[in-house]
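Some notes on the structure that comes next.
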Amino acid sequence: MPGRGALIVLEGCDRVGKTTQASKLLEKLQHRGIPTQLLKFPDRSTSTGQIINSYLTRKMDLPDKTVHLLFSANRWESEPQMKKLLNSGVTLIVDRYSHSGVAFSAAKNEMSIHWCYQPEIGLPKPDLVLFLTLNETAISKRSGFGDERYENSEFLKKVASNFQRLKDDAWKIIDADKDIETLNKELLLHVEKVIESVKDTHLSYFDP
Ligand code: TMP
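Counting from 1, one number per residue, gives the positions in the sequence shown under full-length UniProt numbering.
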């Protein structure tokens with residue numbers, strides 16, 4: 001029995017390098033013969049993802065609570081497939097997940113962290129959250145914001161403080177102010193350890 005795969009999530013604020021690191025992890029794990037797939041949320045290719053994309057690129061306005069529930073529905077669209085893959089031994093590297101859902105929406109003031117968390121209950125819970133951090137100086141040296149919604153410093157400060165309130169035992173806080181390869185080696189050590197330690201355990205779920 002190969003055992004189940006691990007659910008590994010990369011989180012952090014904009015421009016910390018999550019997407020680059022996620023693809024590099026995928027490449028290295030596959031190279032080592034570990035069955036792995038990459039997921040990204042929001043998944044803009046699905047029906048809910050297309051509405052989310054229109055909202056983020058400012059082609060459409062929607063009430064804050066509606067958008068929040070759409071982001072969550074976007075994860076629920078993938079839930080059957082995620083469970084199937086994890087239980088068949090495939091490790092998932094996920095670029096943003098429920099914690100982004102909660103941290104971003106709760107930064108809008110209209111919704112509490114508690115309220116934002118409710119639609120996430122029952123989704124597979126990550127075995128490891130790699131939370132990438134960068135100090136202000138390092139962030140300012142990276143390429144600038146695009147013009148999607150949420151890409152402004154004041155808002156992202158509130159998001160960052162919400163993330164701090166969501167931490168639990170599955171989180172590793174990683175200083176991302178390193179070159180791509182050095183950072184990737186550090187992440188890979190955590191990932192390999194978790195893949196090994198969860199393979200004979202049951203998947204867990206976000207609980208109330
Ligand atoms: P991306 O830049 O990683 O594609 O994410 C798009 C934006 O959506 C980013 O600003 C974070 C935000 N977001 C939410 O507001 N809620 C969510 O549930 C997720 C996954 C992302």
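C-beta: ideal position from N, C-alpha, C; glycine also.
With distances taken between CB atoms, is the gap from Val-129 to His-99 smaller than 8 Å?
Locating residue 129 in the sequence shown gives position 129, where the first residue counts as 1. Locating residue 99 in the sequence shown gives position 99, where the first residue counts as 1. Their beta carbons are under 8 Å apart, which means Val-129 touches His-99 by this criterion.
Could you give the DSSP three-state label for Ile-52: helix, strand or coil?
Here residue 52 refers to the residue found at position 52 of the sequence shown. The answer is helix: DSSP assigns Ile-52 an H, G or I state.
In chain order, what are the residue ranges of uninterrupted beta strand (DSSP E) at least 3 long that sit wholly in the region 81-162?
Fully enclosed beta strand (DSSP E) runs of 3 or longer: 91-95, 128-133.
Take Glu-186 and list the residues in its own chain whose beta-carbon comes closer than 7 Å to its own, dropping the five residues that flank it on each side.
Numbered from its first residue, the sequence shown carries residue 186 at position 186. Result list for Glu-186: Ile-174, in chain order.
Could you check the C-alpha separation between Asp-200 and Gly-3 for me, to the nearest Å?
Walking along the sequence shown from the start, residue 200 turns up at place 200. Walking along the sequence shown from the start, residue 3 turns up at place 3. Rounded to whole angstroms, Asp-200 to Gly-3 spans 5 Å at the Cα level.
Heavy atom of the ligand TMP less than 7 Å from the Cβ of Phe-71, yes or no?
To locate residue 71, count along the sequence shown from 1; it is residue 71. Correct: Phe-71 has its Cβ closer than 7 Å to the ligand TMP.
Quick check on DSSP: helix, strand or coil for Ile-174?
In the sequence shown, the residue the question calls residue 174 occupies position 174. The answer is strand: DSSP assigns Ile-174 an E or B state.
Thinking C-alpha only, which one of Leu-156, Ala-107, Pro-119, Asn-74 is nearest Glu-136?
Within the sequence shown, the letter at position 136 stands for residue 136. Closest option to Glu-136, Cα to Cα, is Leu-156.
For Leu-7 versus Leu-92, is the C-beta spacing smaller than 8 Å?
For the purposes of this step, residue 7 is taken as residue 7 along the sequence shown, with counting starting at 1. For the purposes of this step, residue 92 is taken as residue 92 along the sequence shown, with counting starting at 1. In this structure, Leu-92 lies closer than 8 Å to Leu-7 by Cβ.
For Gly-49, I'd like the list of residues in its chain whose CB is within less than 7 Å of its CB, leaving aside the five on either flank, ordered along the chain.
As a first step, residue 49 is located in the sequence shown; it is residue number 49 there, counting from the start. Excluding residues within five positions, the ones whose Cβ falls inside 7 Å are Pro-42, Asp-43, Asn-74.
Tell me, please, which residues DSSP counts as bridged to Gln-21.
One-based indexing of the sequence shown puts residue 21 at position 21. DSSP, once it has assigned bridges, lists no residue as partnering Gln-21.
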